[in-house]
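Residue 1 is where the sequence shown starts when you use full-length UniProt numbering, and the numbers rise one by one after that.
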Amino acid sequence: MSACSRGTNTVTILKEANRVWKEEDVIMPKTKKKSQSREELLEKKRRNERERYARIKKDPTRLAAYKEKDKRKYLKRRATGALKTIHEMTEHEKRQCRKSWKPKYYNKKCVAKKTSEDIMRANTRSNRIKKN
Numbered sequence: 001m002s003a004c005s006r007g008t009n010t011v012t013i014l015k016e017a018n019r020v021w022k023e024e025d026v027i028m029p030k031t032k033k034k035s036q037s038r039e040e041l042l043e044k045k046r047r048n049e050r051e052r053y054a055r056i057k058k059d060p061t062r063l064a065a066y067k068e069k070d071k072r073k074y075l076k077r078r079a080t081g082a083l084k085t086i087h088e089m090t091e092h093e094k095r096q097c098r099k100s101w102k103p104k105y106y107n108k109k110c111v112a113k114k115t116s117e118d119i120m121r122a123n124t125r126s127n128r129i130k131k132n
């Protein structure tokens, strides 16, 4: 193997069996990608979706278009009957729906309480540090 200098670029030349190959002419076998698990793929998809939504939120015109599109999707689902409001449901459907709401509401309250406690704890710690 020898190296030739052409201006600022260096080109590697391979000599073998009376043939001269430049490095860019040699096709190297591609490395096999590691197969990702389903969870890794879903996490990557979620991360990309969060980043995409963050970019949309930065631009007011794109955000307005996104909200309009979302509203049209909602109205279409309402029109086809895929989505019902609570007053359109039967008593049995209402009970099922409310049964699923209770744990969600409880979890939401717990998260809000924990967040406020964390903020209070952080503020009191920073106040103690400033006094000393």
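Glycine residues also receive a C-beta, built at the ideal position from the N, C-alpha and C atoms. Just so we're clear, the structure is a prediction, and the values are computed from it rather than from any experiment.
Residue 55 and residue 62 closer than 9 Å at C-beta = Start at 1 with the first residue of the sequence shown, and residue 55 comes out as number 55. Start at 1 with the first residue of the sequence shown, and residue 62 comes out as number 62. Cβ atoms of residue 55 and residue 62: closer than 9 Å.
Is the Cβ-Cβ distance between residue 84 and residue 91 less than 9 Å?
-> By 1-based counting over the sequence shown, the position of residue 84 is 84. By 1-based counting over the sequence shown, the position of residue 91 is 91. Taking 9 Å as the Cβ cut-off, residue 84 and residue 91 do not qualify as a contacting pair.
Output yes or no for whether 9 Å exceeds the beta carbon distance between residue 44 and residue 36.
-> The residue you call residue 44 lines up with position 44 of the sequence shown. The residue you call residue 36 lines up with position 36 of the sequence shown. Yes; because the gap between Cβ atoms is below 9 Å, this pair is in contact.
In angstroms with no decimal places, state the Cα-to-Cα distance between residue 33 and residue 95.
-> The residue you call residue 33 lines up with position 33 of the sequence shown. The residue you call residue 95 lines up with position 95 of the sequence shown. Going from the Cα of residue 33 to the Cα of residue 95 covers about 49 Å.
Please go through the region 42-107 and give each complete alpha helix (DSSP H) segment of 4 or more residues, from N-terminal end onward.
-> 60-80
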